[in-house]
Amino acid sequence: MTAESLLQQAQLVCQKKGARFTKVREQVFLLLANHHGAVGAYDLLAELKEIDAAAKPATIYRALDFLSKQGFVHKIESINAFIMCHHFGECNHPVQLLICDQCGHVEEIQSNNFDLALRTMADANGFTVSHQIVEAHGSCKNCT
Numbered sequence: 137m138t139a140e141s142l143l144q145q146a147q148l149v150c151q152k153k154g155a156r157f158t159k160v161r162e163q164v165f166l167l168l169a170n171h172h173g174a175v176g177a178y179d180l181l182a183e184l185k186e187i188d189a190a191a192k193p194a195t196i197y198r199a200l201d202f203l204s205k206q207g208f209v210h211k212i213e214s215i216n217a218f219i220m221c222h223h224f225g226e227c228n229h230p231v232q233l234l235i236c237d238q239c240g241h242v243e244e245i246q247s248n249n250f251d252l253a254l255r256t257m258a259d260a261n262g263f264t265v266s267h268q269i270v271e272a273h274g275s276c277k278n279c280t
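Numbering (this note's numbering), first residue to last: 137 to 280.
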């Protein structure tokens with residue numbers, strides 16, 4: 137799917153939710169959509185500054201926070217980077233990420249069995265899961 141078609145899909149999602157998809161948010165969305173992997177906030181800021189010289193760190197972080205809350209992107213905590221979600225219509229889905237420590241490739245997978253096992257164990261401990269991102273580090277098939 138192209139960045140432009142992803143943007144159109146995101147615009148529809150925002151319209152349905154009544155969320156304001158500002159020009160800056162759209163620009164950051166497109167920057168992320170054009171990346172084929174994870175990217176850091178300051179790298180995105182450098183790219184955004186080419187479009188909008190007045191962009192500041194707060195600009196990028198506010199945009200990323202919005203995009204994350206809409207389910208358009210996922211934050212990868214362990215490497216402090218962001219990656220586009222390619223099925224963001226389901227913005228509350230559980231997220232499992234496979235992160236290659238050699239080449240940096242990030243693959244988003246979705247296992248309902250894993251989610252069910254985690255929620256079952258959480259329930260047994262009186263814990264309610266509100267948001268799930270599981271990060272697994274290792275080597276991808278190209279680096280093995």
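Just so it is clear, CB atoms sit at the ideal spot from N, CA and C, and this is done for glycine as well. A quick note: this is a predicted structure, and the numbers were derived from the prediction, not measured.
Among the options, the one whose alpha carbon lies nearest that of residue i
i      : options                           : result
Cys279 : Leu252, Gly262 and His241         : His241
Ser266 : Asp251, Gly274 and Lys277         : Asp251
His223 : Asp201, Pro193, Val175 and Phe208 : Phe208
Thr158 : Thr138, Ile196 and Ala182         : Ile196
Cys239 : Gln232, Ser214 and Lys277         : Lys277
Leu166 : Arg255, Leu143, Ala253 and Gln151 : Leu143
Asn249 : Leu168, His229 and Tyr178         : His229
Val160 : Ser141, Thr264, Asp201 and Lys152 : Asp201
Val231 : Ser141, Ser204 and Met257         : Ser204
His210 : Met257, Leu168 and Thr256         : Leu168
Whole-Å CB distance - residue i paired with residue j, under 8 Å assumed
i      : j      : result
Ala272 : Ile235 : 7 Å
Gly176 : Asn216 : 6 Å
Pro193 : Leu180 : 10 Å between Cβ atoms; not a contact.
7 Å CB neighbourhood of residue i in its chain, flanking five on each side removed
i      : result
Ala155 : Gln206
Asn170 : Ala139
Glu162 : Leu143
Residues near residue i in its chain [Cβ-Cβ closer than 6 Å; skip 5 each side]
i      : result
Asp237 : His273
Proximal residues to residue i (C-beta, below 8 Å), its chain only, five neighbours per side dropped
i      : result
Glu213 : Ile269 and Glu271
Ser275 : Cys236, Asp237 and Gln238
His255 : For the record, residue 255 in the displayed sequence is Arg; it is not His. Result list for Arg255: Val265, in chain order.
Distance CB(residue i)-CB(residue j) smaller than 8 Å
i      : j      : result
Cys221 : Glu243 : no
Ala190 : Val164 : no
Kindly confirm or deny that the segment 182-196 and the segment 141-153 touch, where touching means at least three C-beta pairs closer than 8 Å.
no
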